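Remarks on the structure that follows.
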Amino acid sequence: MWPNISAAPFLLTGFPGLEAAHHWISIPFFAVYVSVLLGNGTLLYLIKDDHSLHEPMYYFLAMLAGTDLMVTLTTMPTVMGVLWMNHREMSHGACFLQAYIIHSLSVVESGILLAMAYDRFIAIRTPLRYNSILTNFKVMKTGMGVLMRGFLSLVPPIVPLSWFPYCRSHVLSHAFCLHQDVMKLACADITFNRVYPVILVALTFFLDALIILFSYILILKTVMGITSGEERAKALNTCVSHISCVLVFYITVIGLTFIHRFGKHAPHVVHITMSYVYFLFPPIMNPIIYSIKTKQIQRSIIRLFSMHSRA
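Per this note's numbering, the sequence shown starts with residue -4, numbered consecutively.
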């Protein structure tokens, strides 16, 4: 135990003023929770089980599904605890760990979307060299790099939370722990904790988004050079799923940032709802997007269901 830490646990918050309706609010949350687990779990199972999906594009998709699963499994148990049983207390250690995992996985997700853009760039710019460039080892190395970037970059702002004294209110504004929420409760100089995340967002989310945009400009240039209209449509079609996932992720990031920065006068429930949208919308949408837009995954799903119906 850190000597100068106040012992009182943090208190999580559901929807203030709507406590009486928490049981009703929990119904859509639980439905989304189950959908995320089923959708991403099915994707992971299909990619593992179907040999036709043993390609770099689907390995990156498996990483995305795994990240979405982890985000949901990290946030939703405490959310459901608050909504179902009004279980609001959370120890400091558990809170810091939850904040660390949540924020790290956001950076990881951004990195995976960047890796997927690189995959599409290689597939369309140099299709004949695709398998020799993106070997299994290269994919694994990229995945490890993305994971390390995410989890190492969040150590500097999370570690100080452990030695800050908390002498003010211990009430957090969400049903899970976020770094920006916890640091505001500290009775200490939090300048580093305010500045570091801004730099981190610029070097990860913002830079990743710029590189993804640049890669798609080059992809579009290549596609426009293809003479056959059918081939052009086929090439672009392989990118639609990824572009949709990128838009879903970055629009929710921008939406949340705008609400935090400029929505000071917006009702508190809007801030809370936007946070849930940020953590739950991409994990529920990504499997749907890939199931609708990717023929190989559609075939795998049909094969899976036909096997079960025969059994």
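For every residue, glycine included, the Cβ atom is placed at its ideal position computed from N, Cα and C.
Owing to the predicted nature of the structure, the values given are computational and were not obtained by experimental measurement.
Comparing C-alpha positions only, which one of the options sits nearest to residue i?
i	options	result
P192	R163, L56, L205, H98	H98
L149	S47, S101, D176, T137	S101
T137	P151, Y271, T121, Y113	Y113
N188	A197, L198, V177	V177
G106	T121, P151, A89, F55	F55
P262	L123, P160, F10	F10
I246	S270, V264, M52	S270
M143	L180, L173, E104, F209	E104
E14	R256, V272, L78	L78
M80	T8, E225, P282, N232	T8
P72	Y28, H266, G36	Y28
I22	Y125, L68, V74, R124	V74
I'd like the list of long-range same chain contacts for residue i, defined as Cβ closer than 7 Å, with 5 residues on each side in sequence excluded.
i	result
H82	G76
I221	R227, A230
P152	H174, N188, Y191, P192
L198	none
S47	Q291
L129	P51, D114, I117
Is it buried or exposed, residue i, if we count other Cβ atoms within 10 angstroms and call 16 or more buried?
i	result
M280	buried
H169	buried
R115	buried
A380	Limits of the chain in this structure are -4 at one end and 306 at the other, which puts residue 380 out of reach.
V327	In the structure as shown, the chain starts at -4 and stops at 306, and residue 327 therefore has no counterpart that could be examined.
H260	exposed
A16	exposed
L50	Reading off the sequence, residue 50 comes out as Glu, not Leu. When all chains shown are included, E50 counts as buried.
A110	buried
S236	buried
G34	buried
V241	buried
A57	buried
G12	exposed
F5	buried
I307	Not covered by the structure: residue 307. The range shown for the chain is -4 to 306.
P122	exposed
I267	buried
A3	exposed
M85	buried
Is the closest heavy atom of the ligand SAH to the C-beta of residue i under 7 Å?
i	result
M135	Only the bare structure without any ligand can be found here, which leaves the ligand SAH out of the picture.
Roughly how many whole angstroms lie between the Cα atoms of residue i and residue j?
i	j	result
L195	I117	28 Å
I284	D203	21 Å
I42	I214	26 Å
F300	V190	51 Å
H87	K216	51 Å
I96	H165	21 Å
V66	D184	30 Å
F200	V154	22 Å
V31	V243	15 Å
F253	F274	16 Å
N(-1)	L180	Interpretation of N(-1) is limited by its pLDDT of 45, a score under 50 that renders its predicted location unreliable; no figure is taken from the coordinates.
F146	M139	11 Å
W19	A26	12 Å
T289	I296	11 Å
A89	V248	25 Å
D45	V272	32 Å
L38	F24	21 Å
Y53	P282	12 Å
H250	V264	Just to set this straight, residue 250 is Gly in the shown sequence, not His. Distance between the alpha carbons of G250 and V264 is about 15 Å.
F171	M135	31 Å
Please work out which residues of its chain come closer than 6 Å, Cβ to Cβ, to residue i, disregarding the five sequence neighbours upstream and downstream, and give them in chain order.
i	result
W(-3)	Low per-residue confidence applies at W(-3): pLDDT is 41, beneath 50, and the placement is therefore not dependable, though the value from the model is reported in the following sentence. If we look at W(-3) and ignore the five residues flanking it on each side, its Cβ neighbours are S157, W158.
S286	I292
R298	none
S239	I284
By Cβ distance below 8 Å, which residues in the same chain neighbour residue i in space, the five residues on each side in sequence not counted?
i	result
C234	R115, I119, Y211, I214
T62	L100, V103, E104, I107
*What are the complete alpha helix (DSSP H) segments, minimum 4 residues, inside the stretch 56 to 122?*
87 to 120
_Which complete alpha helix (DSSP H) runs does the stretch 140 to 178 hold, if anything under 4 residues is left out?_
150 to 153, 174 to 178
*Curious, which full-length alpha helix (DSSP H) runs of at least 4 residues does the stretch 177 to 246 contain?*
186 to 196, 202 to 219
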